[in-house]
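Going by the numbering used here, the residue at position 80 of the sequence shown is 863; the numbering climbs one at a time, nothing skipped.
Some notes on the structure that comes next.
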Amino acid sequence: MRKNKEKDHFMSEQPQVIRREDYTAPAFLIETVELVFDLDREATTVTSRLSFKANPDRATGAGDQVVLDGEDMKLLSVAIDGTALAASDYQVDATSLKFNAPSDQFVVEIQTRISPVNNTRLEGLYVSQSAYCTQCEAEGFRRITYFQDRPDVMATYRVTINAPRDSCPVLLSNGNLVSSTDLDDGRHQAVWDDPFPKPCYLFALVAGDLACVEDSFNTMTGRDVALRIFVEHGNEDSCDYAMDSLKRAMKWDEDVYGLEYDLDLFNIVAVSDFNMGAMENKSLNVFNAKYILAKSDTATDTDFELIESIVAHEYFHNWSGNRVTCRDWFQLSLKEGLTVFRDQEFSSDERSRPVQRIKDVQRLRAGQFPEDGGPLAHPVRPDSYMEINNFYTATVYQKGAEVIRMMHTLLGTKGYRKGIDLYFERHDGQAVTCDDFVRAMEDANGVNFDQFRLWYSQSGTPNLVWNGEYDAKQQTYRLTIEQKTEPTPGQVIKSDLQMPIKIGLLGRDGDELLAQTIDLTLGKQEFLFEDIAQEPVVSFNRDFSAPVNVGTTPSHDDLAFLMGNDTDAFNRWEAGQKYASDLLINAVKAFGQSGNADEALGDVDAFCNALRATLTNDDLDKAFRAQAMILPGEAMLSEQLQPADPEAIYQVRQAMRRKIGLSLQDEFEAAYRNNASNDAYSPDATSAGQRALRSVALSYLAATGESVFVDLALEQYRTADNMTDRMTALMVLNDQDHPGRDEALADFESRFASNTVVIDKWFSLQAMSSRTDTLAQVKKLMDHPAFTMRNPNKVRALVGAFAMANQRNFHVADGSGYRFYADRLMELDDLNPQVAARLAAPLGKWRKFDEGRAAKMKAELNRILAKENLSRDLYEIASKSVA
Ligand code: ARG
Ligand code: ZN
C-alpha cells in the first residue's frame, strides 16, 4: 500500500511521453453526441448520449474495452443501451472511464457533475465575469464529460442548455438554434444543432447576460449570414472594428481561396478570462476580450492591427481547421501554420505588404528563432510531448506559416491555389496529417516535395553563408551558398533542406541587373549568372523567402547602399538592421573593456546618414520609414552574443539612440511637426503609418536627453485624443526620472480604472520600464486592486511583461528578478498550469548568459522542479529547460 503511494507520487512527477509514432486509429467511433447542460455555478450537471460504432478500420467490436478520457469531475451514472451499469461493470479513475462494448453499435448515456466557478485552469466549462464559457482545445472537453477526447473522433452535436433566464438570457452553442423554450422555476432552454461533424475540441457553450452587436454578410452565392458579437454590457460601442474585420475576412477568403462560409450565422463572444488569444469553435468563436474591444481612445494602432488579424485567423479556421481538421495533435501545424499564413496574407492585402512582412519576420525572429536554438526546440510537426498545450508554440504557428509560404513561393500563386483546391476537395470532413497537405500540393502540381518535407521533421534554424565572385571578362557572377543547421536537443544529425532564395543583383547606379528565385537544395551550391555588365551588389533572401539566418555581412558601404537603393523593400529594412546589429554588437564587445558606451560605439555618422536618407525619402511609405528607424531590440542583440551582457546591451543601445537622435534632430523635429493630424482618428494603415513615424520621431527626440523633448511628450500625453498618441507619450515618459511620469501614470490609472483591457497596458508599461526601481514597482503593483493572479491577461501584463520584455531588469545580476519570477510561476501553477508553463521559457535561456546569471537561473528552475504537486505542464518546460 505504502509502496504504491510512493510509486504514484513518482509517476506524477514524471509524466508520460506521448509519441507520434505510436498513433493508432480509435477503436470506436462516436457518430452523434447529445449533450444536456443544467447550468449552475457550483454544480453543473452534464448528461451526454453518445452513439458508438466499432471502427471498421480496426478489428474491434463486442467485448473490446472502451476507454473514455475524463478529469476533474464526478461521475453520476453510466448506462448502455438504456440499462444502468452496476459499479462492477465499469472502472473509473482520475483520468478515464472504462467499460466493455456490448456489441458493434451501442448508445452510452453518462451523467457527470462539474463546478464551473472553481475551474481556475480555464479549460473545459468555466465562469468569466458573470458568464459561463468553454475552452476545449486541446483537451478541455474531457473536463466536461467522459469522451474519446482526440481530434480524429468526429461527430455531429445536439446541445441543450438549461439555465436561469435572468442571469443567463443568452444561451449559445455551435450550429443552428433549433428551439428556445421557457421552463419552470425561472429557467429557460435553448437547443442547438451543428450539422457538421466535428472533433470535440471545437465544441463550445456560452451562457450569460451579454450584450449583442449585429450585422450581416452576403456570401458569394447570395446567402445572408447573420453576424453577432457578444460582449459585456457597456462594451457595445467597442465592436465596430472587429465586425468590420470579420466582414473583410469573409470576403477575402471568397476572393483569394474561393471559400464560402457554410452556416447561416456566425457568433463571436468576447470574454475577459482566457488562456490564449482566441478559439475557432464551429460558428461560435470565443475571444480574449483584448482582441475584440477597440475604440480610438482605448486601443492603439497595434491593437487594431491585432484585432483585424486574429478575427480573420479564427474565421479562416472554419475551413483550415474545422472542415478539414487534424488527425492527432502532432499535426497541429496543419491547421495553425496554414491559418497563420492565411491571416498574414490577408493583412498584407489589407495594409502595406512590405511592412506586414517586416513585422511577421520580427515576430519570427523574436519568438521562434530563440525557441529553435534553445532547449525547447522541436520540429514544426513534433515527435513527442508530455502536455500538448505546451506545443502551441512559435515553431508550430510562425515557422509552420513560413513553411506554407515557401510552398507558395516554390509553386507560384496559381500552383499553390491548385494545391489548396485539391486539399479541400480531397479532405473535406476529414481529420488528416501535414503529409496529406503536402501530398495535395505535390499531386496538384506534379512536383516532388520529398526533400522539402524535412521542414516538418527537422528542428533548428538553418544558417546560410554566401559568397560572390564577379568575372569582368566573362561578365558573369558566381554565387556560392552553403547551408548548415546546428544540432538541437534529441536531433543531432541534420540534413540539407530545400528552400527558395529570392535574390537581386544591383548595379552601383541602383539599376536592378537581375531578380530571380533560386531553388537551393544542396549543402553547398553554385549559381552562375550571365550578362552581368558590372560588379553587382547582392540583395540576398529578399522578402525573407526562406526562414533562415544569413551569416554573411556585407560591407557597411554595401549595406548603406542597399538601405537606399534595394528594389525589395523588405531587404532595404533588413540592410539597416544588419548594419545596426553589426555596430551594436561590436560596441557591446568594446564596452566590456572601456565601460563607456559612447566610446565603444565610436563614429556612427555613416549609419546616421543612411538613416537620414530613409527618413526623408518621401517616396517611401511612412509606416515603412518608421520601421526602418527602429534598432534591433535588446533581446535580438542578445541572440547574437555569447555570453550576452544585458546591462552592456542596454547601455550601448541607449547610447546609439542618443547619437541618432542628436544627428537627426532637425529631421525628427520636422517629422514630428509635419505628421501631426487634425483629422478625427482613423485606424487605417496610412493614418497609422503617419502616427508611427511621428512616434518614432518623438522617441528619438527624447533620447537626446534634452528636457524640452520630455516636456513635449508630456504635452502630447495631455492633449492626446487617441490611445496611440497617448501610449507613445507615456512610453517615452515611462523611462524618465521626471515629475511628468508620475502625473501621466496617475492620470492614466484614473482615466481607465473601469476598463480592464486598458488597465493592462498600464501594468505592462510599468513592468517594462528600464528604470532600476522596476522590480520593486512590479511587486507593489501585485497588490493593486485591479491585479489578480486568476486572470491570465493580468498575469501576462504585469509578471509576464517583466520577464519577457524587460531584459535589463529581469536579468539584474543579483538574481532578484529570477527569484521573484519563479515564485510567481509556482503560485500560478496551482491555479492555471497552462499559463504558468507558457510563461516559463525566459528562465530556460540561461545558456545565453554569464556563469553567475546562468547558475541563478538554473537554481530557480530546480526550485520549480522540487515544488510539490508540480503540474505536468510546468514540469515539461522546466525539466527540458534545465537539462
Ligand atoms: N486554436 C486556437 C488558435 O490558434 C488556439 C487555442 C489553443 N488553446 C489552448 N489552450 N491550447 O486560433
Ligand atoms: Zn489558430
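No residue lacks a Cβ here, since even glycine has one placed at the ideal position from N, Cα and C.
Closest by C-alpha distance to residue 941, when choosing among 933, 975, 920 | Sequence index remark: in the sequence shown, residue 941 carries index 158 (1-based). The residue with the shortest Cα to Cα distance from residue 941 is 975.
Check the DSSP bridge columns for residue 1253 and list the partner residues they point to.
-> One-based indexing of the sequence shown puts residue 1253 at position 470. The partner list for residue 1253 (beta bridge, DSSP) reads 1260.
From what residue to what residue does the beta strand (DSSP E) around residue 954 run?
-> Here residue 954 is taken as the residue at index 171 of the sequence shown, counted from 1. Counting along the chain, the beta strand (DSSP E) containing residue 954 begins and ends at 953 to 956.
Determine contact between the segment 930 to 940 and the segment 968 to 986, defined as no fewer than three beta-carbon pairs at a distance below 8 Å.
-> yes
Would you list the one or two residues that DSSP bridges to residue 1300?
-> For the purposes of this step, residue 1300 is identified with residue 517 of the sequence shown, where counting begins at 1. In DSSP, residue 1300 forms a bridge with 1285.
Among 1314, 1303, 1313, 1317, which one has its Cα closest to the Cα of residue 1323?
-> As a working note, residue 1323 is residue 540 in the sequence shown. The option with the nearest alpha carbon to residue 1323 is 1303.
In the DSSP assignment, find the unbroken alpha helix (DSSP H) run with residue 1152 in it and report its ends.
-> Numbered from its first residue, the sequence shown carries residue 1152 at position 369. From DSSP, the alpha helix (DSSP H) with residue 1152 extends over 1152 to 1155.
Please name the residue in 945, 963, 1520 whose C-alpha comes closest to that of residue 1555.
-> Taking the first residue of the sequence shown as 1, we reach residue 1555 at position 772. Checking every option, the nearest Cα to that of residue 1555 belongs to 1520.
Does DSSP classify residue 788 as helix, strand or coil?
-> Residue 788 sits at position 5 when you count from the first residue of the sequence shown. Residue placement at residue 788 is poorly supported in this model, since its pLDDT is 39, which falls under 50; the coordinates still yield a value, given next. Reduced to three states, the DSSP call for residue 788 is helix.
Cβ-Cβ separation, residue 1484 to residue 1455 (assumed contact under 8 Å), whole Å | Counting from one through the sequence shown, the residue named residue 1455 turns up at place 672. Counting from one through the sequence shown, the residue named residue 1484 turns up at place 701. The pair is a contact, with the Cβ atoms about 7 Å apart (cut-off 8 Å).
What did DSSP end up calling residue 752 once you bin it into helix, strand or coil?
-> The question about residue 752 has no answer, for the chain in this structure spans 784 to 1666.
Whose C-beta lies closer than 6 Å to the C-beta of residue 998 among residues of the same chain, with five residues either side of it excluded?
-> The sequence position of residue 998 within the sequence shown is 215, counting from 1. The answer, listed in chain order, is 1010, 1026.
Range of the contiguous beta strand (DSSP E) that encloses residue 916 | Residue 916 sits at position 133 when you count from the first residue of the sequence shown. Here the beta strand (DSSP E) through residue 916 covers 914 to 918.
Over the uninterrupted beta strand (DSSP E) stretch that includes residue 1435, give me the two end residues.
-> For this step, residue 1435 is matched to residue 652 along the sequence shown. Residue 1435 -> not in any beta strand (DSSP E); alpha helix (DSSP H) instead, spanning 1429 to 1446.
Might you give, ordered along the chain, the residues of its own chain that have their beta carbon closer than 8 Å to the beta carbon of residue 1391, omitting 5 neighbours on each side?
-> Locating residue 1391 in the sequence shown gives position 608, where the first residue counts as 1. Excluding sequence neighbours, residue 1391 sits near 1442, 1443, 1446, 1447.
Counted within 10 angstroms of its Cβ, other Cβ atoms place residue 1639 as buried (16 or more) or exposed | Here residue 1639 is taken as the residue at index 856 of the sequence shown, counted from 1. The residue in question, residue 1639, is buried, as its Cβ has 16 or more Cβ neighbours within 10 Å.
So is residue 1276 buried or exposed if we call it buried at 16+ other beta carbons inside 10 Å?
-> Residue 1276 sits at position 493 when you count from the first residue of the sequence shown. Classification for residue 1276: exposed.
Got a sec: does the ligand ARG put a non-hydrogen atom nearer than 7 Å to the Cβ of residue 1061?
-> In the sequence shown, the residue the question calls residue 1061 occupies position 278. Checking the Cβ of residue 1061 against the ligand ARG gives yes.
Can you tell which of 925, 1091, 1412 has the C-alpha that lies nearest to the C-alpha of residue 1364?
-> Walking along the sequence shown from the start, residue 1364 turns up at place 581. The residue with the shortest Cα to Cα distance from residue 1364 is 1412.
In chain order, what residues of the same chain lie with their CB nearer than 8 Å to the CB of residue 1331, ignoring the 5 residues before and after it?
-> Residue mapping note: residue 1331 aligns to position 548 of the sequence shown, counting from 1. 1244, 1245, 1246, 1247, 1266, 1282, 1324.
Rounded Cβ spacing between residue 1667 and residue 826 (contact assumed at less than 8 Å) = Residue 1667 lies beyond the residue range present for the chain, which begins at 784 and ends at 1666; the question has no answer from this structure.
Take residue 1215 and list the residues in its own chain whose beta-carbon comes closer than 8 Å to its own, dropping the five residues that flank it on each side.
-> The sequence position of residue 1215 within the sequence shown is 432, counting from 1. 1107, 1108, 1109, 1110, 1114, 1117.
Close Cβ partners of residue 803 (< 8 Å) along its chain, the five nearest in sequence each way excluded = For the purposes of this step, residue 803 is taken as residue 20 along the sequence shown, with counting starting at 1. Cβ within range, chain order: 1111, 1113, 1164, 1165, 1166, 1167.
Determine the extent of the alpha helix (DSSP H) in which residue 1027 is found, giving its start and end residues.
-> Working through the sequence shown from its first residue, we reach residue 1027 at position 244. Residues 1023 to 1040.
So, helix, strand or coil for residue 1521, using DSSP?
-> For the purposes of this step, residue 1521 is taken as the residue at position 738 of the sequence shown. Correct three-state label for residue 1521: coil.
Say the cut is 7 Å; is the CB of residue 1433 nearer than that to a heavy atom of the ligand ARG?
-> By one-based count along the sequence shown, residue 1433 stands at place 650. No, Cβ of residue 1433 sits at least 7 Å from all heavy atoms of the ligand ARG.
Rounded to whole angstroms, what's the CA-CA distance from residue 1089 to residue 1604? Just pull it up for me.
-> As a first step, residue 1089 is located in the sequence shown; it is residue number 306 there, counting from the start. As a first step, residue 1604 is located in the sequence shown; it is residue number 821 there, counting from the start. Roughly 27 Å between the two C-alpha positions.
Segment limits, alpha helix (DSSP H) that includes residue 1131 = Walking along the sequence shown from the start, residue 1131 turns up at place 348. Taken as a continuous stretch (DSSP letters only), the alpha helix (DSSP H) holding residue 1131 covers 1115 to 1133.
Do the segment 1395 to 1403 and the segment 1122 to 1141 touch if we need at least three Cβ pairs shorter than 8 Å?
-> no
Any heavy atom of the ligand ARG closer than 7 Å to the Cβ of residue 1692?
-> What the structure shows of the chain is the stretch from 784 to 1666, and residue 1692 is not part of that stretch, so it cannot be assessed.
So what does DSSP say about residue 1272, is it helix, strand or coil?
-> As a working note, residue 1272 is residue 489 in the sequence shown. In this structure, residue 1272 counts as coil in the three-state DSSP scheme.
Given residue 1523, which residues of its chain have a CB within under 8 Å of its CB, disregarding the five upstream and five downstream residues?
-> Sequence index remark: in the sequence shown, residue 1523 carries index 740 (1-based). The residues are 1493, 1494, 1496, 1497, 1500, 1516.
Please name the residue or residues paired with residue 815 in a DSSP beta bridge.
-> As a working note, residue 815 is residue 32 in the sequence shown. Answer is 834, 939, bridged to residue 815.
Measure the Cβ-Cβ separation of residue 1586 and residue 1616 and say whether it is below 8 Å.
-> As a first step, residue 1586 is located in the sequence shown; it is residue number 803 there, counting from the start. As a first step, residue 1616 is located in the sequence shown; it is residue number 833 there, counting from the start. No, they are not a contact pair.
DSSP state of residue 1377, grouped into three classes?
-> Numbered from its first residue, the sequence shown carries residue 1377 at position 594. In this structure, residue 1377 counts as helix in the three-state DSSP scheme.
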